[in-house]
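Same order as they appear, the protein sequences are chains A and B. Each residue of the first sequence is one higher than the one before, counting from 77 in this note's numbering. Each residue of the second sequence is one higher than the one before, counting from 77 in this note's numbering. All remarks here apply to the structure that follows.
Protein chains: 2
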Amino acid sequence: MATSQPCRTRPVSPAFDSLEQEAYLQLWRTYDRLRELDERVFQGHGITAQQYNALRILKSVRPGALSTSAVGARLISRAADMTRLLDKLEEQGLVSRKRCEENRRVVYVSITAAGVAVVNRLAADVKRLGKDQLGHLDRRTLRSLIDMLERAREPHEDPATVAAWPGSRQGKRRVEA
Amino acid sequence: MATSQPCRTRPVSPAFDSLEQEAYLQLWRTYDRLRELDERVFQGHGITAQQYNALRILKSVRPGALSTSAVGARLISRAADMTRLLDKLEEQGLVSRKRCEENRRVVYVSITAAGVAVVNRLAADVKRLGKDQLGHLDRRTLRSLIDMLERAREPHEDPATVAAWPGSRQGKRRVEA
DNA sequence: GCTGGATAGTCGTTTGAACGACTATTGTTC
DNA sequence: GAACAATAGTCGTTCAAACGACTATCCAGC
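Right, here's the structure in full:
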């Protein structure tokens, strides 16, 4: 068959449809680039970032426990399937589950000593990760970035779960009108 | 067995390990929240956001073509497997592939009329999506957010691919030292 | 013109996410 | 107290991402 397509790439002028779209795509790309470093750290320890977050949450309430859904509500990103996420942690002996006697529908999850050990072992790497990712920005810039990100997602937060999340803006005063 | 765990959730004081970590987690959560809207729009059209981006890129060079890897380099987020992403678009008849005659290793991809139609059909939804996601922020804030996101990922961009990406900061002047 | 290395893309397999249907338990209403 | 809805969690299935091994082609050097 004859080749009708040119074999040369030509320059593009993409431009975004709108400022809002550009902001979202920048957000997406930035997240993706930073996440790359992230994954590298965690997969060296046989764990995912999401699983680490669950452990971090459970460690913060230790020696108490949280219901399955309470853990889910506190995770950074929504996770459809808490059951299987916790299954994997339980298989590794990092968390333990126990059905609540007062309300047998709920299952309480707590971190084990082995789980605490994993989080502690990761602590230094996680600290370094933060520096690697964003250490080149000064504190004022970081605060400003955080503030804008919070404002960006504010209308999209579920009021029911926002209270459970550490970074929620509630109670904070807006800097500008 | 005796129930040794309390069946009550107790309040947490999570706090982030560092400002850098907080910024990254805020970025993650914000991306996740905004992405939720995103997915809703595209899955109504039987396509993923990543696939839409590939189509958008190919439409911008129409009627020219791009090599498989050139499309990958211009995508918002790194995609490990261009082959299968394009496979799916080709199955739906939205793109067509042709092996380059001059260099038979490369495969050129171009968008079909059906592909253009899909992008056009989505245009209104995508426009509305932007407003839904970030329409509550004024233009100054959006620009500032974009600028900070670019600075956040600047050190993590591969110099080889950054040139291919529309939002690259190259050529822009830094506002602050 | 043959060999080794680089490049472009493809494919097999494993793993995790997404969506929805399903079970068990509790609370509500008449 | 039986029926129905709501809640908490589990599980089956389907789909996409991740990782690496593999093929085909080209280029460079001898």
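Glycine included, each C-beta is placed from N, C-alpha and C at the ideal position.
DSSP state of residue i mapped onto helix, strand, coil
i	result
Leu142/A	strand
Ser136/B	helix
Arg204/B	helix
Ser220/B	helix
Pro82/B	Low local confidence applies: a pLDDT of 44 at Pro82/B is under 50, so the model's placement there is unreliable, with the coordinate-based value given in what follows. The answer is coil: DSSP assigns Pro82/B none of H, G, I, E or B.
Arg197/B	helix
Val182/B	coil
Arg154/B	coil
His212/A	coil
Residue i, buried or exposed, once every other Cβ within 10 Å from all chains shown has been counted against 16
i	result
Asp114/B	buried
Gln119/B	exposed
Ala149/B	buried
Glu178/A	exposed
Arg197/A	exposed
Ala146/B	buried
Glu167/B	exposed
Glu252/A	At Glu252/A the pLDDT is 39, less than 50, meaning the model places this residue with poor confidence and gives no usable figure here.
Spatial distance of residue i from residue j (CA atoms)
i	j	result
Ser209/A	Arg229/B	Note on identity: in this sequence residue 209/A is Gln, with Ser being the wrong assignment. Taking the straight line joining both Cα atoms gives about 8 angstroms.
Leu103/A	Arg180/A	42 angstroms
Asp234/B	Arg173/B	27 angstroms
Glu96/A	Gly169/A	45 angstroms
Asp93/B	Val171/B	47 angstroms
Leu218/B	Tyr107/B	15 angstroms
Leu131/B	Glu112/B	21 angstroms
His121/B	Tyr100/A	20 angstroms
Thr188/A	Glu98/B	26 angstroms
Asp201/B	Arg138/A	46 angstroms
Gly211/A	Asp163/B	40 angstroms
Cys176/B	Asp157/B	20 angstroms
Ile133/B	Lys203/B	17 angstroms
Thr159/B	Leu165/B	10 angstroms
Pro231/B	Leu225/B	11 angstroms
Tyr128/B	Lys207/B	18 angstroms
Thr124/B	Ala190/B	16 angstroms
Leu161/A	Val194/A	16 angstroms
Ala199/A	Asp223/A	25 angstroms
Supposed close pair residue i, residue j - CB separation, criterion 8 angstroms
i	j	result
Leu110/A	Gln126/A	Not a contact, Cβ separation roughly 15 angstroms.
Val117/B	Leu205/B	5 angstroms
Ser186/A	Ala141/A	4 angstroms
Thr144/A	Val192/A	Incorrect: roughly 20 angstroms between the Cβ atoms, too far for contact.
Ser136/A	Arg105/B	Incorrect: roughly 17 angstroms between the Cβ atoms, too far for contact.
Arg216/B	Leu213/A	The pair is not a contact, with the Cβ atoms about 20 angstroms apart (cut-off 8 angstroms).
**Study point:** 3 or more residues per run - each beta strand (DSSP E) lying fully within the stretch 106-134 of chain A
**Key:** No beta strand (DSSP E) of 3 residues or more sits fully in the stretch 106-134 of chain A.
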